[in-house]
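Plus 269 on top of the position in the sequence shown (first one is 1) and you've got this note's numbering. Don't be surprised by glycine CBs; every beta carbon is placed ideally from N, CA and C. A quick note: this is a predicted structure, and the numbers were derived from the prediction, not measured. Below is one structure, written out as structure tokens; the observations come after it.
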Amino acid sequence: MMPLGEFWSAVTWWCHFFEGRVTAGPRCLADNVALHGVEHSPHLVGLGADVVYRRPPPIEARREWARRLGLVLVVNADYDHLQPVGWLAG
């Protein structure tokens, strides 16, 4: 599993490169429930980040860089969710 520092280094690079900002990172269980997060959300242990952009970059570029950085990219209507490859969701 990707160490916490490595994950946040990748997210910081991601936001710089794609002109994004993190809108959700680590959260407590109560917040996760209130936000309808999944039971084993990576946000609960600091390994989940939701990102919005000034201008959404091409999806192909985001997919390629997620792969290179060892991240899973989950595209939502108004934000992207990032987590380490290998995280068992749900």
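Check	Outcome
Just checking my contact of residue 315 with residue 295 at CB under 8 angstroms: how many whole Å lie between their CB atoms?	4 angstroms
For residue 281, which three-state DSSP category applies?	helix
What are the boundary residues of the beta strand (DSSP E) that includes residue 343?	340–344
Is the stretch 272–290 close to the stretch 316–326, with three or more CB pairs under 8 angstroms?	yes
Kindly list the residues whose CB is nearer than 6 angstroms to the CB of residue 244, restricted to its own chain and excluding five residues on each side of it in sequence; keep chain order.	Nothing about residue 244 can be reported from this structure: the residues present for the chain run from 270 to 359 only.
On the DSSP letters alone, give me the boundaries of the beta strand (DSSP E) that residue 357 sits inside.	Note, residue 357: premise wrong, no beta strand (DSSP E); not H, not E.
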